[in-house]
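Enquirer: Mind looking over this structure? Questions follow.
Number of protein chains: 2
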Amino acid sequence: MKGQALIGGDPAVLRRLNLEAVLRALRGREPMTTSQISKASSLSRQTVDQVLDDLARLGWVEEVAPGKSIGRPARRYRFRADAGHVLGIDVGTHSVLLILADLDGKLIETRRAVLDGEPTREERLTTIRDAAAGLLAVHPASRLRALCVGVPGIVDGAGRVRLSTPLPEWNGLDLAAEASGWFGCPAFAENDANLAALAEHWRGAAQGTDDFIQLLTGHRTGAALVLGGRLHRGRTGAAGEIAGLAILGWDGSDLADLRGEADTAQVFAAAADGDPAAVERVDRFARTYAQGTAAMVLTVNPDLVVISGGISVAGEILADPMRRYLGRLCLDAPEVRASELGVETVALGAVRLALDHVDRHLFDFRSAPESQPVDRAGAEPAAAPSAPSDERPLNQDVFELRRAATA
Amino acid sequence: MKGQALIGGDPAVLRRLNLEAVLRALRGREPMTTSQISKASSLSRQTVDQVLDDLARLGWVEEVAPGKSIGRPARRYRFRADAGHVLGIDVGTHSVLLILADLDGKLIETRRAVLDGEPTREERLTTIRDAAAGLLAVHPASRLRALCVGVPGIVDGAGRVRLSTPLPEWNGLDLAAEASGWFGCPAFAENDANLAALAEHWRGAAQGTDDFIQLLTGHRTGAALVLGGRLHRGRTGAAGEIAGLAILGWDGSDLADLRGEADTAQVFAAAADGDPAAVERVDRFARTYAQGTAAMVLTVNPDLVVISGGISVAGEILADPMRRYLGRLCLDAPEVRASELGVETVALGAVRLALDHVDRHLFDFRSAPESQPVDRAGAEPAAAPSAPSDERPLNQDVFELRRAATA
DNA sequence: CCCCTTAAGCAGGAACCCTTCATAAGGGTT
DNA sequence: AACCCTTATGAAGGGTTCCTGCTTAAGGGG
Numbered sequence: 220m221k222g223q224a225l226i227g228g229d230p231a232v233l234r235r236l237n238l239e240a241v242l243r244a245l246r247g248r249e250p251m252t253t254s255q256i257s258k259a260s261s262l263s264r265q266t267v268d269q270v271l272d273d274l275a276r277l278g279w280v281e282e283v284a285p286g287k288s289i290g291r292p293a294r295r296y297r298f299r300a301d302a303g304h305v306l307g308i309d310v311g312t313h314s315v316l317l318i319l320a321d322l323d324g325k326l327i328e329t330r331r332a333v334l335d336g337e338p339t340r341e342e343r344l345t346t347i348r349d350a351a352a353g354l355l356a357v358h359p360a361s362r363l364r365a366l367c368v369g370v371p372g373i374v375d376g377a378g379r380v381r382l383s384t385p386l387p388e389w390n391g392l393d394l395a396a397e398a399s400g401w402f403g404c405p406a407f408a409e410n411d412a413n414l415a416a417l418a419e420h421w422r423g424a425a426q427g428t429d430d431f432i433q434l435l436t437g438h439r440t441g442a443a444l445v446l447g448g449r450l451h452r453g454r455t456g457a458a459g460e461i462a463g464l465a466i467l468g469w470d471g472s473d474l475a476d477l478r479g480e481a482d483t484a485q486v487f488a489a490a491a492d493g494d495p496a497a498v499e500r501v502d503r504f505a506r507t508y509a510q511g512t513a514a515m516v517l518t519v520n521p522d523l524v525v526i527s528g529g530i531s532v533a534g535e536i537l538a539d540p541m542r543r544y545l546g547r548l549c550l551d552a553p554e555v556r557a558s559e560l561g562v563e564t565v566a567l568g569a570v571r572l573a574l575d576h577v578d579r580h581l582f583d584f585r586s587a588p589e590s591q592p593v594d595r596a597g598a599e600p601a602a603a604p605s606a607p608s609d610e611r612p613l614n615q616d617v618f619e620l621r622r623a624a625t626a
Numbered sequence: 220m221k222g223q224a225l226i227g228g229d230p231a232v233l234r235r236l237n238l239e240a241v242l243r244a245l246r247g248r249e250p251m252t253t254s255q256i257s258k259a260s261s262l263s264r265q266t267v268d269q270v271l272d273d274l275a276r277l278g279w280v281e282e283v284a285p286g287k288s289i290g291r292p293a294r295r296y297r298f299r300a301d302a303g304h305v306l307g308i309d310v311g312t313h314s315v316l317l318i319l320a321d322l323d324g325k326l327i328e329t330r331r332a333v334l335d336g337e338p339t340r341e342e343r344l345t346t347i348r349d350a351a352a353g354l355l356a357v358h359p360a361s362r363l364r365a366l367c368v369g370v371p372g373i374v375d376g377a378g379r380v381r382l383s384t385p386l387p388e389w390n391g392l393d394l395a396a397e398a399s400g401w402f403g404c405p406a407f408a409e410n411d412a413n414l415a416a417l418a419e420h421w422r423g424a425a426q427g428t429d430d431f432i433q434l435l436t437g438h439r440t441g442a443a444l445v446l447g448g449r450l451h452r453g454r455t456g457a458a459g460e461i462a463g464l465a466i467l468g469w470d471g472s473d474l475a476d477l478r479g480e481a482d483t484a485q486v487f488a489a490a491a492d493g494d495p496a497a498v499e500r501v502d503r504f505a506r507t508y509a510q511g512t513a514a515m516v517l518t519v520n521p522d523l524v525v526i527s528g529g530i531s532v533a534g535e536i537l538a539d540p541m542r543r544y545l546g547r548l549c550l551d552a553p554e555v556r557a558s559e560l561g562v563e564t565v566a567l568g569a570v571r572l573a574l575d576h577v578d579r580h581l582f583d584f585r586s587a588p589e590s591q592p593v594d595r596a597g598a599e600p601a602a603a604p605s606a607p608s609d610e611r612p613l614n615q616d617v618f619e620l621r622r623a624a625t626a
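Line order of the protein sequences matches chains D and S.
Heads up, the first sequence is in the working numbering, so the first residue is 220 and it goes up one at a time.
Heads up, the second sequence is in the working numbering, so the first residue is 220 and it goes up one at a time.
Given below as structure tokens:
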């Protein structure tokens, strides 16, 4: 039914499976001893030992000093989060935010680049690329495994910019293909609201929730959907564009009234102090806001609605009336939370998306023909033991390692 | 991240993987020779031979007469679609439709049972169970592997009836648990609109489309969502209940006007003949209908909207104005098609859901801890070679077969 | 009746995993 | 300091699975 490959396995597939199992056990946790991994993966200690040996030579794991314990000290291994880096990029109209992170998602370094005036398509690209190159130059030992660029506008599944009002010069640009030529690593492009949703799911208000709606309201309002734990983009990446339905009022004055960022915060502050006029304005905003939201909530019946973007400064002042109105409009109202992630949200989501790609590649023992971006892997870096090559299946690497060892 | 088991593999896992690969190659196709399977699965002919031997002894495949060809005639094998049956049940207010199908989804037999008056909870259950038992009695050799019951109303993920207006006596009933006690096979319960969507995806207007909205309009209007090729139920199974938003008009008179089934067909016929009053009524209906649909379309941005239920008799007479209005309301309007499946739609979807369970069990080489229903498998049927046991992993069966052979 | 073509069957070899037993390396105790 | 206890490490043996190469079998066509 799906594009599931029919291929069944050599014994090598088994090995690959076990490489993955061990890696998965080690990933994101404290260093573990061989025996602990053996228990966790239900493999024999012997096998784990051999697998760890391979992984160590490939550079994916590393031995650390043994811990204190009774009996003979056990060797401990940790996942080498520094075996690769990923880059998340948030492109705004006048500035660009870049985050470099390791494979555990720990932020290594953040950088901001500014763009004055009205840059051309190429100028914008070059500025971003140069900023990224500068950031990478500070960490020369690292190997970039994936990057993701967030764009305000509609981006299709292949990473082409379909329609961006804030960045008109990028309309029609095949951004993913462009960026994958930069550093010889897979590159992705994605709508910024979608990335914000990924960030909330990862480290924000939507942790542990697999079905939620992410509202993003700044100068205009968009929404992103996470369903079944996965981003739902829709046919052309336009899922969540409910503002298109005039009757729901999302383009009406009730919303515009509160969307100028300068004024907004003051109104919310006044409402918090109990100023009747401000309370009334917020309430009217919430009623309209809830109406459009209800249409989406009734459609997908999510667990949660996250309010983010410039409007999220309101916090409970807005979330509270939203709860009230949604409770009236929906048979089965979801939770409502305001985002607490800051300006780094979108870039953080881009990091997550890049990491997802790395994970998919690491942990899908079938050759994973799924949605790989244009991949000009460039020259092989001579397979130094400390620099795992990226776009080949694990078992192939092991195979070549063996050959080299026996020669 | 997901509940992915960490288990890595014995050599037995490899075997299981290859059993599945061969089964998958054979499934739903014409009989194949060993060499053909070898090519399709990229396993060696030798291995395929051995695997086929196991599968034959387990009753999953069968040798058929060799075809005409040059050279030594090759033995040919086919998937034994009759190695098990599934049952799909559509429960209505006054009647119940049952379909028995084989593992290829071929319909074996259909039966209808009627229910007069206002049966109690138990009476309705008993009537259905007896009808099913009668149907199964006609095919004593078959082994029932799963069944699914479709219910008009909200059904949660565990198969409990949350809220059913047409079947009030079933409110709160744990239908899946109830039905899984009937024949010692896994049983599922699901909302009828959801099942209709599965049917359309399988053999109806939505073939080949992985993101679509299924509208179901009879006496009332509901909707089902298929996203990413999978049913999206929502938190409490209430996804698609857009009628709850009054402003969209789905509870208003424009729709009620056309929903009495007796009258409806006449109006559509008159509109097809060009009667201005009828055309006007259909157009007004379509406008309101499109408005509620647009809210969902803008939310999920699907490829297709399927119109089904009593209203689908309209065909193009309704689909056409729907296209027009959706085109105005949506930035990115999807295709619109009227269902052409008949009264068996829901029962057919129930068959599909039951088959999905069988497939998942057959083809997921990990022990598949996912969403298994209450499973009182009952007494083991002494493992006759022609009656594969169902709720155990394939490789365990093979193992026991080996043991018996060497003893 | 012989030749050609294709399939089936039978070793031989390699990769992988598991179990078992002996050995090593610490800490605590006498 | 020597001994014991605990736990980890290392090597050997056995079993399963898969692949490759070779020989044998079974048809059809000249």
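We put the CB at the ideal spot given by N, CA and C, even for glycine.
Taking C-beta pairs closer than 9 Å, name the residues in chain S that D:Glu460 reaches, listed in chain order.
Expert: Leu517, Thr518, Asn520, Cys549, Leu550 and Asp551
Enquirer: In this structure, how does DSSP classify S:Glu249 when only helix, strand and coil are distinguished?
Expert: coil
Enquirer: Tell whether a beta-carbon distance below 8 Å holds between D:Val519 and S:His420.
Expert: no
Enquirer: Quick one: does S:Val232 have its CB under 8 Å from some CB of chain D?
Expert: yes
Enquirer: Buried or exposed for D:Gln433, going by 16 or more other Cβ atoms inside 10 Å?
Expert: Buried: at least 16 other Cβ atoms inside 10 Å.
Enquirer: Within the continuous alpha helix (DSSP H) that includes D:Ile347, where are the two ends?
Expert: Arg340 to Ala356
Enquirer: What does S:Val524 pair with, by DSSP beta-bridge criteria?
Expert: Answer by DSSP bridge pairing, in chain order: S:Ile432 and S:Val555.
Enquirer: Counting only C-beta atoms, is S:Leu464 closer than 8 Å to chain D at any point?
Expert: yes
Enquirer: Let me check understanding here. Comparing Cα to Cα, which of D:Val524, D:Asp323 and D:Leu316 lies closest to D:Val280?
Expert: The shortest CA-to-CA distance from D:Val280 to any of D:Val524, D:Asp323 and D:Leu316 is the one to D:Asp323.
Enquirer: Do S:Leu233 and S:Arg297 have their beta-carbon atoms positioned less than 8 Å apart in this structure?
Expert: no
Enquirer: Taking 8 Å as the CB-CB limit, is S:Thr436 close to chain D?
Expert: no
Enquirer: Using only the alpha-carbon positions, how far apart do D:Arg503 and D:Pro540 sit?
Expert: Roughly 9 Å between the two C-alpha positions.
Enquirer: Verify the CB distance criterion: does S:Asn237 have a CB-CB separation below 8 Å to chain D?
Expert: yes
Enquirer: With burial defined as no fewer than 16 other Cβ atoms inside 10 Å of the residue's Cβ, what is the status of S:Ile289: buried or exposed?
Expert: exposed
Enquirer: Would the segment 560 to 580 of chain D and the segment 305 to 320 of chain D be scored as touching if the rule is three or more Cβ pairs under 8 Å?
Expert: yes
Enquirer: I want to see whether chain S comes within less than 8 Å of D:Arg454, judged by CB atoms only; does it?
Expert: yes
Enquirer: According to DSSP, simplified to helix, strand and coil, what is D:Arg295?
Expert: Residue state, collapsed to three classes: strand.
Enquirer: What residue does the beta strand (DSSP E) around D:Arg329 start on, and which one ends it?
Expert: Going by the sequence as given, residue 329 of chain D is Thr instead of Arg. Looking at the DSSP string, the run of the beta strand (DSSP E) that includes D:Thr329 is Leu326 to Val333.
Enquirer: Applying a beta-carbon distance threshold of less than 7 Å, which residues of chain S neighbour D:Gly378?
Expert: Result: empty, since nearest Cβ-Cβ is about 17 Å, beyond 7 Å.
Enquirer: With a threshold of 8 Å between beta carbons, is D:Gln265 in contact with chain S?
Expert: no
Enquirer: Residues of chain D with CB closer than 7 Å to the CB of S:Gly228, please, in chain order.
Expert: Leu233, Leu236 and Asn237
Enquirer: Suppose contacts are defined by Cβ-Cβ distances below 8 Å. Is S:Leu386 in contact with S:Pro405 by that definition?
Expert: no
Enquirer: What is the rounded straight-line gap between the Cα of D:Ala352 and the Cα of D:Ala465?
Expert: Rounded to whole angstroms, the separation of the alpha carbons of D:Ala465 and D:Ala352 is 44 Å.
Enquirer: CB-CB under 7 Å to S:Glu328, same chain, minus the five flanking residues each way: which ones, in chain order?
Expert: The answer, listed in chain order, is Leu319, Leu354 and Val357.
Enquirer: Of all Cβ atoms in chain S, is any one closer than 8 Å to the Cβ of D:Asp430?
Expert: yes
Enquirer: Give a yes or no on whether the minimum CB-CB distance between D:Leu271 and chain S is below 8 Å.
Expert: no
Enquirer: Could you give the residue range of the alpha helix (DSSP H) that holds S:Ser399?
Expert: Leu394 to Ser399
Enquirer: Grouping DSSP H, G and I as helix and E and B as strand, with all else coil, what is S:Gly529?
Expert: helix
Enquirer: With H, G and I counted as helix, E and B as strand and the rest as coil, what does DSSP make of D:Leu238?
Expert: D:Leu238 falls in the helix class under three-state DSSP.
Enquirer: Work out the CA separation of S:Ala302 and S:Ala602 for me, nearest whole Å.
Expert: Note that S:Ala602 scores a pLDDT of 33, beneath 50, so its modelled location is shaky; the value from the coordinates is reported in the next line. Roughly 13 Å between the two C-alpha positions.
Enquirer: Say whether the segment 413 to 431 of chain D touches the segment 383 to 403 of chain D, bearing in mind that this needs 3 or more beta-carbon pairs closer than 8 Å, one atom from each stretch.
Expert: no
Enquirer: For D:Leu344 and D:Glu397, which I take to be in contact (beta-carbon distance under 8 Å), what is that distance rounded to the nearest angstrom?
Expert: 6 Å
Enquirer: Assuming S:Gly441 contacts D:Leu517 (C-beta within less than 8 Å), just tell me the rounded distance between them.
Expert: Beta-carbon to beta-carbon, S:Gly441 and D:Leu517 are separated by about 11 Å, too far to satisfy the 8 Å threshold.
Enquirer: Listing by chain order, which chain D residues have their CB less than 7 Å from the CB of S:Leu446?
Expert: Leu446 and His451
Enquirer: Could you give the distance in angstroms between the alpha-carbon of D:Lys325 and the alpha-carbon of S:Ile347?
Expert: 57 Å
Enquirer: Verify the CB distance criterion: does S:Ala425 have a CB-CB separation below 8 Å to chain D?
Expert: no
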